[in-house]
Amino acid sequence: MAGKARRKQAPEPVEFRSQALAEALERQDIAAVALALRHGNTVVPLVKPGPRDAPLDGGEVWTYRDPKTGEVALLLFSDAANKPANLPPAVGLQSPAWLRSFLKRYESTITTVFLDIAGPHPMQAPPGELLRALEA
126 MAGKARRKQA
136 PEPVEFRSQA
146 LAEALERQDI
156 AAVALALRHG
166 NTVVPLVKPG
176 PRDAPLDGGE
186 VWTYRDPKTG
196 EVALLLFSDA
206 ANKPANLPPA
216 VGLQSPAWLR
226 SFLKRYESTI
236 TTVFLDIAGP
246 HPMQAPPGEL
256 LRALEA
């Protein structure tokens, strides 16, 4: 059709949540948590967000270092709404491949991984255990 310019549609907003992970944490089902992490995205707090037009591309992940012990924790969330307000405000949505790679790279540094640390259904695991679950 001549004369009609086609408007570029805005991309659908990215949903910063994983329903499967939320349900697995609610049941405190370790096998279901592993399955959700292996097949779905995970919300992580970011020190520095990725590009605004590509929220799944990058950003610098925030980790917690205990000032008394120096131990490092990775915090993962089933939903951005579960991230406590006292953490950096930006979040990223990371793939299972990213999580596997991140845990492999920092397995000797990260001492624990917290899932939905402030609830509603918190869980924690050693990084090696999550890595094994992701590689199963």
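With the first letter of the sequence shown counted as 1, position 76 gets the number 201 in the working numbering; the numbers rise by one all the way through.
Positions of the beta carbon are idealized from the N, C-alpha and C atoms, including for glycine.
Beta-carbon separation (whole angstroms), Q219 vs V169, contact threshold 8 Å = Contact between Q219 and V169 holds, with the beta-carbon distance rounding to 5 Å and staying under 8 Å.
Give the secondary structure of Q153 by DSSP, where H, G and I count as helix, E and B as strand, and everything else as coil.
-> Coil, per DSSP.
Proximal residues to S143 (C-beta, below 8 Å), its chain only, five neighbours per side dropped = Annotation for S143: A161, G165, N166, T167, V168, S203 and D204 place their beta carbon closer than 8 Å to its own, counting only its chain and skipping 5 residues before and after.
Which of helix, strand or coil DSSP assigns to L218 = Shown here, L218 sits in a strand according to DSSP, grouped into three states.
C-alpha distance - P209 paired with A159, whole-angstrom precision = Straight-line measurement puts the Cα of A159 at about 23 Å from the Cα of P209.
From which residue to which residue does the beta strand (DSSP E) around G184 run?
-> Run containing G184: G184 to V186, per the beta strand (DSSP E) assignment.
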